[in-house]
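Below is one structure; the comments refer to it alone.
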Amino acid sequence: MIKPKIALTIAGTDPTGGAGVMADLKSFHSCGVYGMGVVTSIVAQNTLGVQYIHNLNHQWVDEQLDSVFNDTLPHAIKTGMIATADTMETIRHYLMQHESIPYVIDPVMLAKSGDSLMDNDTKQNLQHTLLPLADVVTPNLPEAEEITGLTIDSEEKIMQAGHIFINEIGSKGVIIKGGHSNDTDIAKDYLFTNEGVQTFENERFKTKHTHGTGCTFSAVITAELAKGRPLFEAVHKAKKFISMSIQYTPEIGRGRGPVNHFAYLKKEGLDDELSK
């Protein structure tokens, strides 16, 4: 029996299953990898917004990580919502001990509803603790603006932001997602690495049901890196996955509903291919 590849997510929760650890684990499964999850925050949220946030003590996060790493090693790691500087330092400790494991950061700062998930001091700490360790960071435009301090209103500004991530912050890669720009019918993303810039384009779907797209996108990249895929291929797969997930959204809830984490798997009949 061939052992499955393992992907670990470290993030907050979503009781409605659209974002956070819940969305990550479903995405991992759809990509054919075994998912593990460490919880950083208990978030009471739904398709209408975020109602309450209870950030876990960093020692509780440490205990979860210790349980994972004392038993097995993941083949790739992603972090999502990390709301305190102490928790960032805790996670950094484990990442520094396992630098060969691919690491993806989804710098979750704002919920789709606009609710803030991270205070200003923690945002600053993110730049010094975790971003320099990342193999790839996956900010949307508002998150890229928060991190770089730029007002990103043009392709030139996107290029400047990519330069800051790679050459000033020290991330190995960053994909700046253009989905929050409503200028065209095409969603264009920009992947920056030390080797240059590559772009990805997909049709923009007119729907409000996009809750958890950032979590899902970064989770698919993590799953593909766990399988040993090169970064470009991982991002390409994630773009196809998220496009289909939005196109076939299940329209759950009374607000901004989640994407369909199983659409790619079911629509294309790719059960065997995804597990490769």
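In the numbering used here, the protein residues as written are 10 to 285. Note that beta-carbon positions come from the ideal geometry of N, C-alpha and C, so glycine has one too.
Residues near residue i by beta carbon distance below 8 angstroms, same chain, minus five either side
| i | result |
| --- | --- |
| Gly26 | Ala32, Lys35 and Pro267 |
| Arg238 | Lys246 |
| Lys285 | Confidence at Lys285 is low in this model, with a pLDDT of 49, below 50, so its placement is unreliable and no value can be given for it. |
| Leu65 | Val48, Thr49, Ser50, Ile51 and Thr96 |
| Pro13 | Gly41, Val42, Tyr43 and Ser284 |
| Phe271 | Lys35 and Ser39 |
Through-space distance from residue j to residue i, alpha-carbon basis
| i | j | result |
| --- | --- | --- |
| Lys87 | Ile161 | 25 angstroms |
| Asp75 | Lys236 | 23 angstroms |
| Gly29 | Glu204 | 31 angstroms |
| Asp128 | Met90 | 12 angstroms |
| Glu212 | Val206 | 20 angstroms |
| His107 | Ala232 | 17 angstroms |
| Leu104 | Glu72 | 15 angstroms |
| Leu159 | Leu126 | 20 angstroms |
| Lys248 | Leu135 | 26 angstroms |
| Gln169 | Thr99 | 31 angstroms |
| Val145 | Gln133 | 18 angstroms |
Beta-carbon contacts of residue i that lie in its chain and below 7 angstroms, excluding the five residues immediately before and after
| i | result |
| --- | --- |
| His38 | Gly44 |
| Asn269 | Ser254, Tyr257, Thr258 and Pro259 |
| Lys217 | Arg265 |
| Tyr61 | Ala53 |
| Ala243 | Ile230, Glu233 and Leu234 |
| Gly171 | Val183, Ile185, Tyr199, Phe201 and Val206 |
Contact under 8 angstroms by Cβ, residue i with residue j
| i | j | result |
| --- | --- | --- |
| His137 | Thr96 | no |
| Thr147 | Ala94 | no |
| Pro116 | Ile167 | no |
| Ile19 | Val47 | yes |
| Pro111 | Leu17 | no |
| Tyr199 | Ile178 | no |
| Thr49 | Val70 | yes |
| Thr225 | Ile261 | no |
| Ala143 | Ile114 | yes |
| Thr208 | Lys197 | yes |
Same chain only: Cβ atoms within 6 angstroms of residue i, ignoring 5 sequence neighbours per side
| i | result |
| --- | --- |
| Lys175 | For clarity, residue 175 is Ile in the given sequence; the question names Lys instead. Excluding positions up to five away in sequence, the list reads Phe201. |
| Ile51 | Thr22 and His63 |
| Glu154 | Ile161 |
| Ile11 | none |
| Ile173 | Thr157 |
| Ala85 | Ala16, Pro111, Thr231, Leu234 and Ala235 |
Exposed unless 16 or more other CB atoms sit within 10 angstroms - verdict on residue i
| i | result |
| --- | --- |
| Ser227 | buried |
| Leu140 | buried |
| Gln54 | buried |
| Asp80 | exposed |
| Leu283 | Confidence is the limiting factor: at Leu283 the pLDDT is only 47, short of 50, which leaves the residue's position unreliable and the question unanswerable from this model. |
| Pro83 | buried |
| Leu57 | exposed |
| Tyr273 | buried |
| Thr222 | buried |
| Gly275 | One point to set straight first is that residue 275 is Lys, not Gly, in the sequence displayed. So Lys275 counts as exposed. |
| Ser109 | exposed |
| Ser180 | buried |
Presumed contact (8 angstroms Cβ cut-off) between residue i and residue j, rounded CB distance
| i | j | result |
| --- | --- | --- |
| Ile195 | Glu210 | 5 angstroms |
| His220 | Arg263 | About 12 angstroms separates the two Cβ atoms, so there is no contact after all. |
| Gly187 | Leu240 | The Cβ separation is near 18 angstroms, so there is no contact. |
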